[in-house]
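First up is the structure itself, then whatever we jot down about it.
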Amino acid sequence: MRNLAEETILLPISIKKVYSLLSNLKNYKKLLKKHTKEWKFDGDVCSFIYDGSTFTQLKMYENKLNEKIVVGTFGNNSVDFDMELLFFDLGKEGTNFKMIIKADMNPIMASMASSAMEELQKHFIQGLKKELGLPSEEEKK
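Residue numbers (our numbering): 8 to 148.
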């Protein structure tokens, strides 16, 4: 698996709150609201059309309390990928959150897909910050 996008951010929010939000796939609709249509959720799998073009189905494959969540594509998708979400408790400082998007593809396909995955990651993190009540990068300026 190749890393297509990776980012670590400090969230001045308790690990319990961050993990609680991300451990339920139903909440992902809120995180990607501006960029998805036809959102469906059946308890195990969510599906949606991302930015008007790509049909995606996601399923949670791994879930370790306050440590790690792995969400990946499920069924037929134009691009198969995994999102690894890692949580590091910093106590009063908050939570160090790391998001890695990985895919099993050759270098040429990886270079073509990486910009789309970086956009997905950017939108996901922006939505996460908004749901947690944190200012976006634009609001900080």
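C-beta: ideal position from N, C-alpha, C; glycine also.
Burial state of residue i, where buried means 16 or more other Cβ atoms lie within 10 Å
i	result
Y68	exposed
M106	buried
I177	Look at the range of the chain in this structure, 8 to 148, and you will see that residue 177 is not part of it.
Close-in-space but distant-in-sequence residues of the same chain around residue i (CB under 6 Å, 5 per side omitted)
i	result
M8	K109, D111
D96	I22
L65	C53, V78
P19	G101
Distance, residue j Cα to residue i Cα
i	j	result
A53	G134	The sequence shown places Cys at residue 53, rather than the Ala named in the question. Rounded to whole angstroms, C53 to G134 spans 17 Å at the Cα level.
K154	G98	This structure leaves residue 154 out entirely; the chain is present only between 8 and 148.
S118	L141	32 Å
W46	N31	15 Å
N10	I115	13 Å
Beta-carbon contacts of residue i that lie in its chain and below 8 Å, excluding the five residues immediately before and after
i	result
S143	Q133, K136, K137
7 Å Cβ shell around residue i - same chain, five flanking residues per side excluded
i	result
D58	H42
Identified DSSP bridge partners for residue i
i	result
S54	K47, Q64
E138	Its beta-bridge partners do not exist; DSSP assigns none.
L17	N103
Among the options, nearest to residue i - alpha-carbon criterion
i	options	result
G79	I20, M124, S60, L72	M124
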